[in-house]
Amino acid sequence: MFDPPVPGSSQPLDLPQQTDSRGRRVSVLSSTCPDRLARPLPMTRDEVRDRGWEELDVILVTGDAYIDHPSFATAILGRVLEAFGFRVGVIAQPEWRSADAFRALGRPRLFFGVSAGNMDSMINHYTANRKVRNDDAYSPGGRIGRRPDRATLAYC
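Each number in this note's numbering comes from the position in the sequence shown (counting from 1) with 108 added on.
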């Protein structure tokens, strides 16, 4: 279990551990970390099967495009959960008018984590003067309309 140090103590940070292909323990932050941590989190059932998984423990739903970079909360949360041994998948910018997009990765063993994305969907859609924005900074090609108003409510 990950036990963070008490602030002000000299206790070292106990990072979660993984094993390499030979069964040796390696830090999740080391360069010898398992290859599966270097691949993007799965977004399709085929990608889940390619990792040898039958089901996912956690599915993260986001209003942003999935970008595996530390400036995106979905990537950070997914990587931390994966480092602790959870099988994590991502559904990015699902078609909210149909339940099919939310069934794409199956039912998670533990939970769905839902987020509107890096920026609130209403702020992302409208200016302070209540005018519709011309682009979406967190969608492929800057296309608008890929997420609903009040995205978290729509996704739940």
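Just so you know, even glycine gets a beta-carbon here, dropped at the ideal spot from N, CA and C.
Model, not experiment: these values are computed from the prediction.
Under DSSP, T170 shares a beta bridge with A200, S223. Counting C-beta atoms within 10 angstroms of its own C-beta, E162 has fewer than 16 neighbours from the protein chains shown and is therefore classed as exposed.
Taking the CA atoms as reference points, T182 sits about 30 Å from N237. In the assembly as shown, D158 is an exposed residue. Its beta-carbon has fewer than 16 other beta-carbons within 10 Å.
Between the segment 162-182 and the segment 205-215, the count of C-beta pairs closer than 8 Å reaches three or more; the two stretches touch. Buried is the label assigned to P202, since at least 16 other Cβ atoms lie within 10 Å of its Cβ. For H177, the CB contacts under 7 Å within the same chain, skipping 5 residues up- and downstream, are A183 in chain order. DSSP places S229 in the uninterrupted alpha helix (DSSP H) bounded by 229-233. Ranked by Cα distance from R153, the options I199, A146, S229 are led by I199. DSSP links V240 through a beta bridge to Y234. Contact check for A146 against W204 fails: the beta carbons are separated by 8 Å or more. Judged by beta-carbon spacing, R251 lies beyond the 8 Å limit of L164, meaning their Cβ atoms are not closer than that value. Using a Cβ distance threshold of 8 Å, L149 and G193 do not count as a contacting pair.
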